[in-house]
Amino acid sequence: MKKSLIALAVLAAAGAASAQSSVTLFGIVDATYAYGKGEGVGGSKKSQLTNSGYNSSRLGFRGTEDLGGGMSASFWLEAGVNNDNGAGSATNTNNQATGGAVAGIGGGQGLTFNRRSTVSLAGGWGELRLGRDYTPQFFNLTVFDPFGTNGVGTTQTLNSIGSAGAQPTGVVVVPTAVRASNSIGYFLPGNIGGFYGQAQYYMGENNDNSTLTVGTVTRNTKSDGTGGGFRVGYAAGPFNVAFSMSKTNYAFGDVEQNNVGGQWDFGFAKLMGQYSFDSIGTATAGDVDGKGWLIGGLIPVGAGEIRLSYSTYEYDIGTKPEIKKFAIGYVHNLSKRTALYTTYARLDNSGGASQALNGATTAANTKSDGFDIGIRHSF
Amino acid sequence: MKKSLIALAVLAAAGAASAQSSVTLFGIVDATYAYGKGEGVGGSKKSQLTNSGYNSSRLGFRGTEDLGGGMSASFWLEAGVNNDNGAGSATNTNNQATGGAVAGIGGGQGLTFNRRSTVSLAGGWGELRLGRDYTPQFFNLTVFDPFGTNGVGTTQTLNSIGSAGAQPTGVVVVPTAVRASNSIGYFLPGNIGGFYGQAQYYMGENNDNSTLTVGTVTRNTKSDGTGGGFRVGYAAGPFNVAFSMSKTNYAFGDVEQNNVGGQWDFGFAKLMGQYSFDSIGTATAGDVDGKGWLIGGLIPVGAGEIRLSYSTYEYDIGTKPEIKKFAIGYVHNLSKRTALYTTYARLDNSGGASQALNGATTAANTKSDGFDIGIRHSF
Amino acid sequence: MKKSLIALAVLAAAGAASAQSSVTLFGIVDATYAYGKGEGVGGSKKSQLTNSGYNSSRLGFRGTEDLGGGMSASFWLEAGVNNDNGAGSATNTNNQATGGAVAGIGGGQGLTFNRRSTVSLAGGWGELRLGRDYTPQFFNLTVFDPFGTNGVGTTQTLNSIGSAGAQPTGVVVVPTAVRASNSIGYFLPGNIGGFYGQAQYYMGENNDNSTLTVGTVTRNTKSDGTGGGFRVGYAAGPFNVAFSMSKTNYAFGDVEQNNVGGQWDFGFAKLMGQYSFDSIGTATAGDVDGKGWLIGGLIPVGAGEIRLSYSTYEYDIGTKPEIKKFAIGYVHNLSKRTALYTTYARLDNSGGASQALNGATTAANTKSDGFDIGIRHSF
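Sequence order for the protein chains is X, W and P. Each residue of the first sequence is one higher than the one before, counting from 1 in UniProt numbering. Each residue of the second sequence is one higher than the one before, counting from 1 in UniProt numbering. Each residue of the third sequence is one higher than the one before, counting from 1 in UniProt numbering.
In structure tokens form, the structure reads like this:
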């Protein structure tokens, strides 16, 4: 998110009230060579020129209008961009499996403002924000991850619940692990003695007589995809800590996602940690608990930064599949906008887990490693 | 369409001739909480955080080049934006059912310049415009609707022919009720004593040996989706009236859409009315006539405006399904760019009709009501 | 590519190093009436209002950051736009048939940065470019085609290998004939005595245990879509010549695309020529050789230009299908940004070929003709 901004001059069409108004075109183009390797039967290697190894590639438009009296209105439209092939990124329209990307249109996936599309009213009382946005339960996972949940080093506390392929049988990817559509969010103002916080409610938008049948069981799904969460934190000097809880309703198993994270900036290094404790309802095995943690840090080195983390996630089901990941990386800043980076990660599956890095495949209970090497340019 | 514009300075790459050239980035982000309720067997309720309750959400790019001698060239690329979830809006490539959105890609629908994508040449003789644009037959329906064909209050003269779900069995949604692709349009210049007008021809682009078989009947469809229309009007002082006719060819039933609308601005209120008389060919029941009307008005109140309308539409087929709608709303302008609004509407089905508001469902011959409450921010 | 550019002022967020930085919004909107006619059994005519008859319609964002010391970073995001209907254009994510557009989503195809999406580092040593870009093997076909591979006059040396419908049975469209995704490109610096050149490597990104079965044969496809090419040229005064070779791997038949092209500017006319010799592997008929050539020219006439070409392509398989095309056109510049144009072309199929122009269809071994008449506006 370190980026310089482009501001466009505004014609004073709305008179004096728009004196402080602006519209900004912004973006990131991050390209990375990514290599992944798996082991055992079915294990494979993969080489890619892909994107977002350090920061998520995007193109966005945002602006603010000063309404006077301390009030402002603003908008934010931000699209994910797969700059290795030009495709856009899919959004999820209803916070349910049915609202996501459709298999098979990958080649033609057009741009959507999947990353954020909101309109806000703000004042001394805080900010009211409507639309598609990050969920509160996501922030601790990314803010307190030395790798910012991008690239091969992404914390396992997110990867295990938010990425396809890392779940035990019957456990689904959590649609609202990162973002939610149809949300109404509230953010505390910025000036309350180090405390910060937000709450969000989001709608699944099903009709109230909707039903879903799994096997021989039919249930009403009017609340599927509807949920909410909050996050509260405190930051002062070198210290920053935050806590988040959330719940999303699904007729065949609610999802609860909770976590706490923090960091201490020692100057010569920034130490980070996080702990997640989740519960994911399944149609076949009831509520499955999952928990994970991360410890890591950032070490400034001249114009660059060393990044380190160790993270784990375990599901409390059957053979208790667990994944442990170690990641180390280096970012070299050519300027505030342009950086070169590389990350190496190694992942250890046990309890039947079989996740692999960077698109490789690996046998259950084996290791996978991979690396990224790339360039991030923001504008 | 009340919006302030962002103008970008142009580098004089084309020399003096581009002195008056400009490119404009513009848009609207309109978010609304929408509630709808139906009645009877199969009736349901729905809650949504959706978009475009007051003005259609959009992101656009447009510009004009002064060619000298009173001539100019211009372009306009405008995309619909579902800012509640970040998705784009589908276009229709051939003015036929086959050219529209494909069921099932809603989650991933990318941005298209579905609202308008045109290039124009203009001079003292008027404007020649090529591409995707509004049809002439749409304007009276929206210009003389107090709700501007947006949100729960949208006039029934449009809703009944342009929205899926409001038609009797066998009657299709009219693909060119609002816009047409592949069009060649001509607009009268703006300075001819209060008269205004436009004509448009659009192509379905089928090969001349194309055929379609319905049941046991096979017909040549070379002209399917090809058609045209015109609109002429007169505006002077408080008075504005316009008339439009159109015809679009389909092998299994042409569509004729005709309407007249007008308004009188009394100062303390603006009175509006419109009358539509359409004919929609069907494969099974021949040409089905439809007709409707609206009466409504806008009443300025301080920084706001009260909006009122009563509209109806009836199909002359079988039990003569008819829908009557009453709508009342209020818009409060926080600035020229930002407004809060709410609308309540109640719809009365008879003759077998079963339309419902805001995504709800209702039984035949029952009522449905709903409301919007939202914010519109333009840039 | 004659276009004036819009430059946005940059806030000096990155300090002095960004002094020469800029972001540019650019595009082309080119609309054309296109008519095509075929002959014989199954022959048909087609009328369209389509796009890109002179230059490819697009919307793009690009920018450069001065990194100091002769180095710079830059990005380029450029989307194809079907401005006749507002749709975007599909990309290809993996340089294979599976990565392209999916049949049936034409109506809803969203914008993708299919034309180019790259990030670059450049210095005195040249430019390193990552992402989706033109392939080196494409440039001679377009640079030395008087019609710039746009519209009904497009050289047959590209049409035969890059457009669906022009290939003999069993021969596929070459996915990398124009662009490749996941590419790493290198460009020579601009100041080496008239010589220029580039090399590119692109990845298909299959897992190394991927397989494909055709009939009873199963092969490993780990390298499918992976390949590369280079182009070297020399330009001095009126003279310009370049040579290109490339190879892309596919388990059931590699594709080799090679060509040479040149031009001589006599002042009163620019003479152009090109020669292609390709080899396209097939699953059923082994490697099929194809070869073609073009001769043509551009003749300046006042504010306009006459364009002429004769091109051919022949596949060395079975009855040796061959296509010969003659094209003549005229472009009239209203300004540097806006032009009117028309092109007429006639195509002669033999040896069983049955290609037709502008969307028409024609019987094998018959002729097809067509024309474009349109306007190109750039910004």
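We put the beta carbon where it would ideally sit given N, CA and C, even for glycine.
For valine 241 of chain P, the enclosing beta strand (DSSP E) begins and ends at 239-248.
For the stretch 355-375 of chain W, residues whose beta-carbon sits nearer than 9 angstroms to a beta-carbon of chain X comprise Gly359, Ala360, Thr361, Gly374, Ile375.
Nearest Cα to alanine 327 of chain P within the set P/Gly351, P/Leu294, P/Pro238, P/Gly359: P/Leu294. Residues of chain P whose Cβ lies closer than 9 angstroms to the Cβ of threonine 64 of chain X do not exist, since the nearest Cβ in that chain is about 14 angstroms away. Segment contact: the stretch 66-82 of chain W against the stretch 34-41 of chain P, fewer than three CB-CB distances shorter than 8 angstroms; contact not assigned. Residues of chain P whose Cβ lies closer than 9 angstroms to the Cβ of alanine 73 of chain W are, in chain order, Leu334, Ser335, Arg337, Thr338, Ile375, His377.
Interface residue (Cβ-Cβ distance to chain W less than 9 angstroms): glutamate 205 of chain X is classified as such. DSSP, read as helix, strand or coil, puts threonine 112 of chain W in coil. Per DSSP, the unbroken alpha helix (DSSP H) holding glutamine 137 of chain P starts and ends at 136-143. With the criterion set as a beta carbon lying under 9 angstroms from some beta carbon of chain W, the members of the stretch 110-131 of chain P are Gly110, Leu111, Thr112, in sequence order.
A Cβ-Cβ contact shorter than 9 angstroms links threonine 155 of chain P with serine 311 of chain P. Interface residue (Cβ-Cβ distance to chain W less than 9 angstroms): tyrosine 202 of chain P is not classified as such. The Cβ-Cβ distance between valine 152 of chain X and leucine 357 of chain X falls below 9 angstroms. If you look at isoleucine 161 of chain X, you'll find it in the alpha helix (DSSP H) that goes 156-162. Leucine 49 of chain P and serine 246 of chain W have their alpha carbons spaced roughly 19 angstroms apart. With the criterion set as a beta carbon lying under 7 angstroms from some beta carbon of chain W, the members of the stretch 23-42 of chain X are Val23, in sequence order.
Note on geometry: alpha-carbon atoms of alanine 339 of chain X and phenylalanine 147 of chain X lie some 14 angstroms from one another. Contact annotation: lysine 320 of chain P and aspartate 348 of chain P have beta-carbon atoms that are not nearer than 9 angstroms.
The straight-line gap separating the alpha-carbon atoms of glycine 70 of chain P and isoleucine 184 of chain P is approximately 21 angstroms. When Cβ pairs closer than 8 angstroms are counted between the two stretches, the stretch 116-124 of chain X is seen not to touch the stretch 237-257 of chain X, the count staying below three. Nearest Cα to alanine 177 of chain X within the set X/Glu127, X/Gly197, X/Asn209, X/Leu141: X/Leu141. When only Cα atoms are considered, asparagine 209 of chain W and valine 173 of chain W end up about 25 angstroms apart.
Contact of phenylalanine 61 of chain X with chain W is assigned, a C-beta pair being separated by under 9 angstroms. Under DSSP, no beta-bridge partner is assigned to phenylalanine 268 of chain X.
By the criterion of a C-beta distance shorter than 6 angstroms, serine 57 of chain X is surrounded in its chain by Ile28, Val29, Asp30, Asn51, Val81, Asn83, once the five residues flanking it on both sides are discounted. Put simply, the stretch 229-246 of chain W touches the stretch 129-137 of chain W. At least three CB pairs are less than 8 angstroms apart.
By the neighbour-count criterion, in which 16 or more other beta carbons inside 10 Å mark a residue as buried, asparagine 220 of chain P falls on the exposed side. For leucine 77 of chain P, the residues of chain X that pass the 9 angstroms Cβ criterion are Gly27, Val29, Leu59, Val81, Asn83, Gly86, in the order they occur in the chain. Contact annotation, alanine 199 of chain X with glycine 233 of chain X: C-beta distance approximately 13 angstroms; criterion of less than 8 angstroms not satisfied. Under the three-state reduction of DSSP, glycine 42 of chain P is assigned to coil, being neither helix nor strand. About 32 angstroms separates the beta carbon of glycine 110 of chain W from that of tyrosine 186 of chain W, a gap too long to meet the 8 angstroms contact definition. Distance from the CA of aspartate 145 of chain W to the CA of glycine 261 of chain W, rounded to the nearest whole angstrom, comes to 9 angstroms.
Judged by DSSP in its simplified three-state form, threonine 98 of chain X adopts helix. In this structure, the CA atom of alanine 180 of chain X is about 7 angstroms from the CA atom of tyrosine 202 of chain X.
Fully enclosed alpha helix (DSSP H) runs of no fewer than 4 residues are not present anywhere in the stretch 324-375 of chain P.
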